[in-house]
Structure formats: structure tokens, C-alpha cells
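Enquirer: Residue numbers (my numbering): 951 to 1061.
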């Protein structure tokens, strides 16, 4: 029950919904997320910590950079099903385009 409550709280924030939707397209580092969302690193990191705590995402360290991706768990599948209805949302479509651009354009010092 506690894990379900964490999951619903995590998905109850628009920024975290946006991050989850962007990570459906593949792994992103914090600097790519900040560039795509136009938000500060500390704000993005706080949201990522909440998503990680509820089991939706996992982190992979590469040098001094941390890359995030969706976990292959039931919670992630459930979140994806919930977010499917938001496919036509203009803001989320814009986020997905920004995430694709961030993946192609080096925004980090490590490229």
C-alpha cells in the first residue's frame, strides 16, 4: 500500500509526469532534462529523487554525470498506461520534441 501511495504522489505533479513521459523515449542525463524542460538543475534533481524513490526510474552514473531511465517494473508499466491518455497534450508533445533534440544536441560537457 505504501508503495502505491508513493507512486500516485509522484505522478500527481505535472513536472514529474513530463519527466516520465520524456524518459519513455530513452535515457537522459540531468543536463539534457534541464535543457529540454527549461528548469534549473536542483529543481529537476528533486523531481528525479522522488521518481527514483517510488521505483519509476533508475540512475546510472557515468563519470560525474548521472543518466536516468525508466525501470522495467510493474510501476513503470502502470505509469505508462496512465500517461497514454495524455498523448495529445500540447505541452507533453513539446517536451517530447525537446527531449529528442536534447538527445541529438550535446548539452553536456561529456557530449
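Where is the CB? At the ideal position from N, CA and C, for every residue including glycine.
This structure is a prediction, so every number in the text was calculated from the model and none was measured.
1) What whole-angstrom Cβ distance do residue 1001 and residue 955 have, given they're in contact under 8 Å?
2) In this structure, does DSSP put residue 1008 in helix, strand or coil?
3) What's the C-alpha gap between residue 951 and residue 1018?
4) Tell me which residue opens and which closes the alpha helix (DSSP H) that residue 1002 is part of.
5) For residue 966, count neighbouring C-beta atoms within 10 Å of its own C-beta (all shown protein chains included) and say buried if the count is 16 or more, exposed if not.
6) Where does residue 979 fall in DSSP's three states?
7) Judging by CA-CA distance, which residue of 978, 1048, 986, 1006 is the nearest neighbour of residue 1015?
8) Looking at the strands, I want to know which residues DSSP matches up with residue 1016.
9) In terms of alpha-carbon separation, which member of 985, 1005, 988 lies closest to residue 953?
Expert: Looking at the coordinates:
1) Going by Cβ atoms, the distance from residue 1001 to residue 955 rounds to 15 Å, so no, they are not a contact pair.
2) strand
3) 25 Å
4) 991-1003
5) buried
6) strand
7) 978
8) 1011
9) 1005
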